[in-house]
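J.:
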Amino acid sequence: MHTRELHLAGRSFKQAKKALIMLHGRGANAEDILGLVPELHVNDFAILAPQATNFTWYPHSFMAKTGQNEPWLGSALALLQEIVHDIEDQGIAAENTYFLGFSQGACLSLEFAARNAARYGGVTAFTGGLIGDRIYRERYSGDFGGMPVFISTGNPDPHVPLERIQETVHI
68 MHTRELHLAG RSFKQAKKAL IMLHGRGANA EDILGLVPEL HVNDFAILAP QATNFTWYPH
128 SFMAKTGQNE PWLGSALALL QEIVHDIEDQ GIAAENTYFL GFSQGACLSL EFAARNAARY
188 GGVTAFTGGL IGDRIYRERY SGDFGGMPVF ISTGNPDPHV PLERIQETVH I
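Following the numbering used here, the numbering of the sequence shown begins with 68 at its first residue and continues without gaps.
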């Protein structure tokens, strides 16, 4: 489904102490999200921004039934898992791996971190929540180890209800 097209910024893995995976929103691209880098304090980071095939991580609303977003969602989550493994193989531990996403990328970041509970460095989600027509708690288990998570939104937001963000926070 999704091809592996990575846009890189920041330090090389050999020079980096940390890694940041940046995920763009629907209709945007990896270069768009990388445009935030000059505004962030990530000078010692290797920065990776995967490009979603056809500029979307999954075809429907993040609040659609999960099956409606398959196989795209599963492919996007598998791509993230592959990227995280590659980062670990380069010697950067999970606690030094961070996620930042906008809109669809925010939802994907949160969903990946929740399904793969570990003490990642943190997640920054600019307007997003967990994916599905409701929160399926059985998908999310494990220890987050106090991982910091920042979720922003506007209220009202026509695509991401505040209630879903609040439900996401409780996971």
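By construction, the Cβ of each residue, glycine as well, lies at the ideal position given by its N, Cα and C atoms.
1) Who are the near neighbours of residue 84 in its chain, counting only those whose CB is closer than 6 angstroms to its CB and skipping five residues on each side?
2) Considering only DSSP beta bridges, list what residue 164 is partnered with.
3) From 127, 192, 176, pick the residue whose C-alpha is nearest to that of residue 221; which is it?
4) Entirely within the stretch 117–151 and at least 3 residues each: give me those beta strand (DSSP E) ranges in chain order.
5) Is residue 109 helix, strand or coil when you go by DSSP?
6) List the residues that DSSP assigns as beta-bridge partners of residue 217.
7) What is the DSSP secondary structure of residue 97, counted as helix, strand or coil?
8) Are residue 97 and residue 127 touching if we call contact CB-CB under 7 angstroms?
9) Given this structure, state the Cα-to-Cα distance separating residue 225 from residue 81, to the nearest angstrom.
10) If you measure between the beta carbons of residue 88 and residue 107, is that distance less than 7 angstroms?
11) Leaving out the 5 sequence neighbours to the left and right, which residues in its chain are closer than 8 angstroms to residue 208 when beta-carbon positions are compared?
12) Does DSSP put residue 180 in a helix, a strand or coil?
13) Nearest CA to the CA of residue 189: which residue from 171, 163, 173?
14) Give the range of the alpha helix (DSSP H) segment to which residue 229 is assigned.
15) Report yes or no: do the stretch 144–152 and the stretch 213–220 share at least 3 C-beta pairs separated by less than 8 angstroms?
T.: In terms of the structure at hand:
1) In the sequence shown, residue 84 corresponds to position 17, counting from 1. Same-chain partners within the cutoff: 111.
2) Position 97 of the sequence shown, counted from the start, is the residue given in the question as residue 164. DSSP lists 86 as partners of residue 164.
3) Counting from 1 along the sequence shown, the entry for residue 221 is found at position 154. Nearest option by C-alpha distance: 192.
4) none
5) On the sequence shown, position 42 is the one that residue 109 refers to. Coil at residue 109, not helix or strand.
6) Stepping through the sequence shown from its first residue, residue 217 is reached at position 150. DSSP output for residue 217 lists 191 as bridge partner(s).
7) One-based indexing of the sequence shown puts residue 97 at position 30. Reduced to three states, the DSSP call for residue 97 is helix.
8) Indexing the sequence shown from 1 puts residue 97 at position 30. Indexing the sequence shown from 1 puts residue 127 at position 60. The answer is no: Cβ separation not under 7 angstroms.
9) Looking up residue 225 in the sequence shown gives position 158. Looking up residue 81 in the sequence shown gives position 14. Straight-line Cα distance between these residues: approximately 43 angstroms.
10) The count along the sequence shown starts at 1 and reaches residue 88 at position 21. The count along the sequence shown starts at 1 and reaches residue 107 at position 40. Not in contact: residue 88 and residue 107 (Cβ atoms no closer than 7 angstroms).
11) In the sequence shown, counting from the first residue as 1, residue 208 sits at position 141. So the list reads 184, once near-sequence residues are dropped.
12) The residue you call residue 180 lines up with position 113 of the sequence shown. Residue 180 falls in the helix class under three-state DSSP.
13) Numbered from 1 along the sequence shown, position 122 holds the residue referred to as residue 189. Checking every option, the nearest Cα to that of residue 189 belongs to 163.
14) Counting from 1 along the sequence shown, the entry for residue 229 is found at position 162. Segment 229–236, the alpha helix (DSSP H) holding residue 229.
15) no
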